[in-house]
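Here's the structure we're looking at; comments come further down.
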Amino acid sequence: MSDKVTNYPGTSLTEKDIVDGNVLSIHDEMQGDFSWDTGIAIGRYLAGFKEGVILGSHCTHCRKTVVPPRIVCEWCFRPMDRFLPLGDTGTVNTFSLCYVTWDVQRIKEPETPAVIEIDGASPLHGIMHKLGEVDPQQISIGMRIKAVWKPADEREGAITDILYFKPTKE
Amino acid sequence: MTLLERDPNAPSFWRDEMQVTNRYTFGIAGERFFRAIKDHEQILGSHCNNCEHTYVPAAAFCERCMKKTDEWVDVGKVGEVVTFTHLFVNYDGSQREEPETIAFIKFGDGGLVHRVVSPDSYPIEIGLQARAVFKPLSEREGSILDILHFELITD
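Chains as they are written, first to last, in my numbering: chain A, 1 to 170; chain B, 171 to 325.
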């Protein structure tokens, strides 16, 4: 529908209008501090990163292994049976080439987030992370990848303890 | 350890900060309203002849009959205290020794919410008049804070 509109109503503004003071504006910053309880499972998950391990949890009843770990099985609603370390390798389930950063800056080299099925978890179970050491144009669904970790003494128990996943030759 | 116990070595919380910034432009009516404050120390309202209603701050359209408002009027600098409150807590949650008073000051059929100071700590009351005190021209930047505060008229 919008392609038929040639003349949009209203007043269009450019950055220059703001900078030159042609229009008044207010710039403000909200304080977005937060503290989020990691809970039992995500606490363990983050602690696992410090050890260089991606942790999942397993429901014996459903024979499901999920990542990130949870304490309740989302299929049978029973408590999960155990945490277990998974591999730090996996498969690209889906990916995106992002030419815009989180704060809306245009970039030439795209960021490459992907959903990664982690080896050891049930099929189609995985996490979102970034891909690296790869030509963005060569990324494909099904590509085999491996985590690149921060040095052990720099890890702090965060998802960013994994820098990115890089392709492996198999 | 069962799955229902926390690992004492695991981080129990994640602390972070969301960066939320915003830029607001006032729109056509708002632009004219704040220009008048900035350049002329004027508080402007707009009047709807159909509804006999004066909007303050000025609005481009009447929200009762949806027509364009007919004329812009200078509503003066003196309004009436309709309601007020004393704030003992700062914006960041810390306690204040001396309260700050804010009030709704009526102009036309609308009004402004702003700080109120009273000379000689005269107690504020509903129905009192208050006069807008503006910042010096060089410090005004087209914001409601170009009005420094309202001062109670006590005599």
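Here a beta-carbon is modelled for each residue, glycine too, at the ideal position from N, C-alpha and C.
**Prompt:** Between the Cα of residue 191 (chain B) and the Cα atoms of A:84, A:32, A:22, A:16, which residue gives the shortest distance?
**Reply:** A:32
**Item:** Pick from A:134, A:67, A:47 that is closest to residue 169 (chain A), judged by C-alpha positions
**Value:** A:134
**Asked** Would you say residue 261 (chain B) faces chain A, with C-beta separation under 7 Å as the test?
**Response** no
**Request:** Round the Cβ separation of residue 147 (chain A) and residue 46 (chain A) to the nearest angstrom and send it over; I've been treating them as touching at under 8 Å.
**Result:** Not a contact, Cβ separation roughly 15 Å.
**Request:** Measuring only between beta-carbons, confirm whether residue 236 (chain B) sits less than 7 Å from chain A.
**Result:** no
**Prompt:** In three-state DSSP terms, what is residue 286 (chain B)?
**Reply:** strand
**Request:** Check whether the Cβ of residue 160 (chain A) lies closer than 7 Å to any Cβ atom in chain B.
**Result:** no
**Request:** Output the distance between the C-alpha atoms of residue 110 (chain A) and residue 200 (chain B), rounded to the nearest integer angstrom.
**Result:** 39 Å
**Message:** For a quick check, are the C-beta atoms of residue 278 (chain B) and residue 224 (chain B) less than 7 Å apart?
**Reply:** yes
**Asked** Any residues in the segment 24-42 of chain A with a beta carbon nearer than 7 Å to a beta carbon of chain B? Which ones, in chain order?
**Response** 24, 25, 26, 27, 28, 29, 30, 32, 33, 34, 35, 36, 37, 38, 40
**Request:** Evaluate contact between the segment 283-302 of chain B and the segment 237-254 of chain B, counting only Cβ atoms and requiring at least three cross-stretch pairs below 8 Å.
**Result:** yes
**Item:** Near-chain B residues of the segment 46-64 of chain A - C-beta to any C-beta below 8 Å
**Value:** 46, 47, 57
**Reduced DSSP category for residue 140 (chain A) - H, G, I as helix; E, B as strand; rest coil** = coil
**Request:** Just tell me which of B:198, B:206, B:258, B:193 has its CA closest to the CA of residue 30 (chain A).
**Result:** B:193
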